[in-house]
Structures are given as C-alpha cells and as structure tokens.
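Okay, so the sequence shown: first residue is 265 according to this note's numbering, each after it adds one.
All C-beta atoms in this analysis are idealised placements derived from N, C-alpha and C, irrespective of residue type, glycine included.
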Amino acid sequence: MIRVLMQDGGPGAAISRRRVLADGGRGLVLFALLGGVLTACGSGPPPAPDPLEEQARSARHDSELATAAAMGAPAALARTLTEVAAERSRHATALIEEIARAARTPVPSTTSPTTTTSAAAALAPSVDDVVAALRSSAESATTVVPTLSGYRAGLLGSIAASCTALYSVALPARKPAS
Numbered sequence: 265m266i267r268v269l270m271q272d273g274g275p276g277a278a279i280s281r282r283r284v285l286a287d288g289g290r291g292l293v294l295f296a297l298l299g300g301v302l303t304a305c306g307s308g309p310p311p312a313p314d315p316l317e318e319q320a321r322s323a324r325h326d327s328e329l330a331t332a333a334a335m336g337a338p339a340a341l342a343r344t345l346t347e348v349a350a351e352r353s354r355h356a357t358a359l360i361e362e363i364a365r366a367a368r369t370p371v372p373s374t375t376s377p378t379t380t381t382s383a384a385a386a387l388a389p390s391v392d393d394v395v396a397a398l399r400s401s402a403e404s405a406t407t408v409v410p411t412l413s414g415y416r417a418g419l420l421g422s423i424a425a426s427c428t429a430l431y432s433v434a435l436p437a438r439k440p441a442s
C-alpha cells in the first residue's frame with residue numbers, strides 16, 4: 265500500500281493504489297464520454313456547393329435561350345438552334361446525374377417551365393446572344409476543370425469542348441453586312 269499524506273492530515277490522508285486506479289479509470293471513462301458528446305454536438309462549416317451545380321444551371325439556361333431563339337429564326341437556323349438546345353439539355357442531364365451520384369442521392373425529376381409562345385416571341389434572343397452564352401459556359405467550364413479529377417474533370421472538359429464547337433462551328437457569329 266502506498267501512503268500519501270495530505271496536507272490537512274484529515275480522514276482521507278492515506279490513499280490506496282486501488283482507489284487511485286479506480287478513480288482514475290472512472291475519470292477517463294467520463295472524459296471519453298463527454299469528449300464524444302461534445303464532438304458530436306459541434307458542427308463544422310456547411311459543405312461547399314458542388315462546382316458542377318453552376319455548370320448544370322448554365323446548361324439549362326443555354327438550352328432555354330437556344331429554344332427561345334429558334335422560335336423566331338429562319339427554318340435552317342431554327343433546326344441548328346434546336347439541336348444546340350438539345351445538346352445543352354443533355355449536358356444538364358449528365359451534370360445533374362453526376363451531382364446526384366457523387367452526393368449518393370437519387371436523380372431529381374426535372375420539369376422545365378413552359379413559356380407561352382407570345383411571351384417567348386416578344387423576347388426572342390438573337391443568335392449572337394446564344395453564341396455569347398455558349399462562349400461564357402465554355403470559359404466557365406474550362407476554368408473549373410482543373411479543380412476536378414477523374415470522371416468529373418473529363419465530363420466537364422468534354423462539355424467545354426462541345427460548347428466551343430457549338431459556338432464556333434454550328435453557330436458562328438454573323439458578320440455585319442457591309
């Protein structure tokens with residue numbers, strides 16, 4: 265038995281090794297429980313938004329813009345704009361599916377808002393508006409690609425290349441009439 269003399273010399277002046285170990289063990293258990301509870305109560309900062317979410321919004325916007333521009337365009341140009349809209353819609357779908365896969369959530373069902381023909385015709389964007397939107401989307405995607413890895417980087421890189429092809433080949437900016 266180890267004897268430790270307390271300064272006051274009171275009734276608990278002698279402490280046994282068994283008592284030290286038992287009290288120390290209880291203290292460690294209590295500390296571990298409180299530490300776990302306190303850690304569980306603390307919340308870190310919310311996770312940053314997925315960088316592909318903004319790209320999916322851009323794809324949807326570009327698709328809607330091309331659809332609206334096709335309504336007032338000549339037949340040949342309308343077909344091209346409709347194909348641009350379909351391509352950007354496929355981009356949005358692929359991005360949404362990847363976001364859902366990474367978040368381990370089901371793919372949300374999307375419903376696109378319907379606009380009346382008269383409202384769309386009154387505010388029909390030009391081909392130059394569609395080209396500018398595609399150029400902006402390609403540049404934005406090109407900026408984000410280096411921050412991603414694996415499949416996500418490849419997906420967004422191919423979307424950036426597709427946007428570039430759409431605005432530079434399928435919809436070249438019209439030259440002003442001389």
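Using 10 angstroms around the beta-carbon of residue i, count the other beta-carbons present and answer buried if the total reaches 16, otherwise exposed.
| i | result |
| --- | --- |
| residue 389 | buried |
| residue 278 | exposed |
| residue 380 | Any reading at residue 380 needs caution, since the residue's pLDDT is 45, under 50, leaving its predicted position unreliable; the model's value is listed next. That one is exposed. |
| residue 431 | buried |
| residue 433 | exposed |
| residue 395 | buried |
| residue 435 | buried |
| residue 285 | exposed |
Using CA coordinates, which residue listed in the options is at the minimum distance from residue i?
| i | options | result |
| --- | --- | --- |
| residue 350 | 331, 408, 362 | 331 |
| residue 393 | 329, 283, 282, 417 | 329 |
| residue 353 | 323, 420, 366, 337 | 323 |
| residue 359 | 336, 314, 295 | 314 |
So, residue i versus residue j, is the Cβ gap smaller than 7 Å?
| i | j | result |
| --- | --- | --- |
| residue 371 | residue 361 | yes |
| residue 334 | residue 345 | yes |
| residue 423 | residue 355 | yes |
| residue 421 | residue 408 | no |
- prompt: Taking three-plus beta-carbon pairs below 8 Å as touching, is the segment 401-408 in contact with the segment 329-344?
  reply: no
field: alpha helix (DSSP H) runs wholly inside the segment 320-407, at least 4 long, in chain order
entry: 339-367, 381-386
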